[in-house]
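For reference, the structure discussed in these notes is given below.
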Amino acid sequence: MREKELIKKCLEKDKAGQKALFDLKYRLIYKIAYRYLNDHQEAEDVVLQAFNNIFLHLEKFEPKEVGSFNNWITKITINQAYKNLRSKNLIDYVGSASDLDHVQVEDNVPFESKWTEQINEIIKSMPVGYKTIFLMNAVECYSHQTISELLGISRNTSKSQMLKARKYIHARLKVTNNG
Amino acid sequence: MYGDHLDDKFFESQKAISGREKIWQELDINKPRKKPYKTYWLFLLGSGIALLLTGYLYSKYSSSQTENEKLEIRYAGLLEQYNTLSESYDKLNNQIATTKINKETVTDMQPQPSIEREVVIEYVDKIINRTDTVFIGVEPKIVYEDRVIRDTVYLDRIVEIQAEVITASTKEPENKVKRRGEELIFHLENRTKDSGGQE
């Protein structure tokens with residue numbers, strides 16, 4: 003309810019309303035940006051650009067269901083982060099993944115909470131190409147179709163990148179646990 | 128969730144708060160309208176006006192040039208027409224002069240008509256009864272004969288005028304003529320003398 007009111011105030015160009023919405027969504031947007039970029043300075047740039055886009059295109063937002071505003075601003079932020087990465091030529095979908103060919107991905111492996119910290123570190127060290135697809139698919143729960151549309155890549159590329167990301171995590175987890 | 132390790136401690140740190148305020152200040156909605164945009168639009172507007180003005184002047188110049196060419200062609204045509212007309216005028220003047228000379232020659236060659244006026248007094252016998260004396264009056268009739276002589280043709284024109292006017296002009300001796308009313312009566316004596324004894 004509060005979110006709706008704030009959006010309304012923002013559409014009326016109400017300064018206090020804009021500041022309140024900014025404060026309300028700042029953490030969410032910052033976390034998403036940092037998740038993809040792993041750099042506070044880069045994340046701040048993306049947050050700035052994302053908020054600019056949000057306020058600029060707010061009238062285009064159509065509330066459909068609860069949480070749709072969060073989904074909308076998440077998409078904007080990811081898009082902005084992706085643009086940022088691409089402008090720096092950090093995305094390489096081909097990558098040197100030959101060392102992952104032998105890795106077997108096992109399904110239905112029970113998740114152990116002790117891995118959380120390890121997985122976070124592994125994701126951080128992951129090549130940007132895998133990581134972007136992995137985060138979008140596994141964390142944001144976007145389908146490969148949506149990812150392909152958002153990033154302008156083919157659906158197969160998205161799928162193959164996801165597989166590589168999983169292999170990467172498996173391989174690193176095994177190494178960590180075995181070591 | 129990955130990324131959630133950025134906990135409240137991080138966002139409440141001084142660095143994060145100042146970063147957040149910085150981002151808020153730098154948002155487009157908090158920035159005054161940039162002047163460069165204004166300057167840019169003014170520059171565009173100025174350029175547009177300059178371009179339009181140049182185009183207008185160029186079109187005007189080219190149209191005036193075309194008009195000048197048209198006028199020159201028209202002027203040349205008129206000049207040619209003027210030359211032709213002045214030649215015709217000279218020719219006509221010459222013809223008029225020749226005609227005048229010819230006319231004068233013809234006029235000189237023609238005999239001038241002359242008018243001679245002669246005063247002829249004709250006498251008409253008239254018997255006037257007066258109580259016991261019989262007068263034979265003579266009524267003068269003055270006839271002017273104008274003779275128009277042209278070559279061999281003579282035209283006679285008779286003009287009648289009043290006797291008294293003629294009397295004054297002809298200055299007949301008064302002793303010979305007596306005025307009675309509007310008639311002129313000669314004494315028988317004189318008349319007899321003049322006509323050789325007629326009574």
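Residue numbers (the numbering used here), protein chains in the order written: chain A, 3 to 181; chain B, 128 to 326.
Glycine residues also receive a C-beta, built at the ideal position from the N, C-alpha and C atoms.
Task: Cα-Cα separation, Glu266 of chain B to Glu272 of chain B - done: 19 Å
TODO: Spatial neighbours of Glu123 of chain A within its chain, please: CB distance less than 8 Å, with the 5 preceding and 5 following residues excluded, ordered by chain position.
DONE: none
TODO: Taking only beta carbons into account, state which residues of the stretch 34 to 49 of chain A come closer than 8 Å to chain B, listed in chain order.
DONE: Ile34, Tyr36, Arg37, His42, Glu46 and Val49
Task: Contact the stretch 79 to 92 of chain A vs the stretch 128 to 139 of chain A: 3+ CB pairs below 8 Å - done: yes
Task: Exposure of Thr79 of chain A, with buried meaning 16 or more beta-carbon neighbours within 10 Å - done: buried
- [ ] Give a yes or no on contact between the stretch 134 to 141 of chain B and the stretch 159 to 174 of chain A, applying the rule of three or more CB pairs nearer than 8 Å.
- [x] no
Open item on the list: Using CA atoms only, rank isn't needed, just tell me which of A:Lys6, A:Met138 and A:Glu44 is closest to Glu67 of chain A.
Closed with: A:Lys6
Task: Under 9 Å (Cβ pairs) to chain A, residues found in the stretch 145 to 174 of chain B - done: Gly146, Arg147, Lys149, Ile150, Trp151, Glu153, Leu154, Asp155, Ile156 and Asn157
Open item on the list: Between which residues of its own chain and Glu309 of chain B is the CB-CB distance below 7 Å, once the five residues before and five after are set aside?
Closed with: Confidence in Glu309 of chain B is poor, its pLDDT being 48 and thus under 50, which makes the residue's placement unreliable; the coordinate value appears in the next sentence. No residues qualify anywhere along the chain.
TODO: Compare the C-beta of Phe24 of chain A against all C-beta atoms of chain B and say whether one is closer than 9 Å.
DONE: yes
Task: Members of the stretch 178 to 190 of chain B near chain A, C-beta cut-off 9 Å - done: none
- [ ] Whole angstroms is fine: what's the gap from Tyr170 of chain A's alpha carbon to Met128 of chain A's?
- [x] 8 Å
Task: Straight-line gap, Gly146 of chain B to Glu46 of chain A (C-alpha atoms, nearest Å) - done: 8 Å
TODO: Quick one: give me the first and last residue of the alpha helix (DSSP H) that Ile135 of chain A is part of.
DONE: Val130 to Phe136
Open item on the list: Going by DSSP in three states, Ile78 of chain A sits in which element: helix, strand or coil?
Closed with: helix
Open item on the list: Buried or exposed, going by whether 16 or more other CB atoms sit within 10 Å of the CB of Lys62 of chain A?
Closed with: exposed
Task: Contacts of Gln20 of chain A in chain B (Cβ-Cβ under 7 Å) - done: Ile156
Open item on the list: Going by the DSSP bridge assignment, what does Arg244 of chain B pair with across the sheet?
Closed with: B:Asp273
- [ ] Flag Leu206 of chain B as yes when its Cβ comes closer than 8 Å to any non-hydrogen atom of the ligand GTP, and as no otherwise.
- [x] As far as ligands go, the structure on display features none, and thus does not contain the ligand GTP.
Task: Pairwise C-alpha distance: Arg174 of chain A and Ile9 of chain A - done: 44 Å
Open item on the list: For Glu326 of chain B and Gln237 of chain B, what's the separation of their Cα atoms in angstroms?
Closed with: Note that Glu326 of chain B scores 39 on pLDDT, short of 50, meaning its location in the model is unreliable and no value can be drawn from it.
Task: Beta-carbon proximity of Phe24 of chain A to Leu154 of chain B, cut-off 9 Å - done: yes
Task: Buried or exposed by the 16-neighbour rule on C-beta atoms within 10 Å, applied to Leu50 of chain A - done: buried
Open item on the list: So, at 6 Å on beta carbons, what are the nonlocal neighbours of Asn40 of chain A in its own chain, with the 5 sequence-adjacent residues on each side left out?
Closed with: Lys126
Task: Bridge partner(s) assigned by DSSP for Val251 of chain B - done: B:Glu266
Open item on the list: For a test of the three-state rule: what should DSSP assign to Glu142 of chain A, helix, strand or coil?
Closed with: coil
Open item on the list: Please identify, using Cβ separations under 9 Å, the residues of the stretch 49 to 65 of chain A that lie next to chain B, in order along the chain.
Closed with: Val49, Leu50, Phe53, Asn54, Phe57 and Leu58
Task: Rounded straight-line distance, which links the Cα of Leu219 of chain B to that of Asn379 of chain B - done: Here chain B covers residues 128 to 326 and nothing more, so residue 379 of chain B does not appear.
- [ ] May I ask you to report which of helix, strand or coil DSSP gives Asn91 of chain A?
- [x] coil
Open item on the list: Which residue marks the beginning of the alpha helix (DSSP H) containing Lys126 of chain A, and which one marks its end?
Closed with: Trp117 to Ser127
Open item on the list: Strictly under 9 Å for the Cβ-Cβ distance: is Tyr84 of chain A near chain B by that measure?
Closed with: no
- [ ] Could you tell me the distance, in whole angstroms, from the CA atom of Val130 of chain A to the CA atom of Thr148 of chain A?
- [x] 19 Å
Task: Three-state secondary structure (DSSP) of His59 of chain A - done: coil
Task: Alpha-carbon spacing of Ala52 of chain A relative to Glu44 of chain A, whole angstroms - done: 12 Å
Open item on the list: Just to confirm the assignment, what range does the alpha helix (DSSP H) spanning Ser145 of chain B have?
Closed with: Gln141 to Glu153
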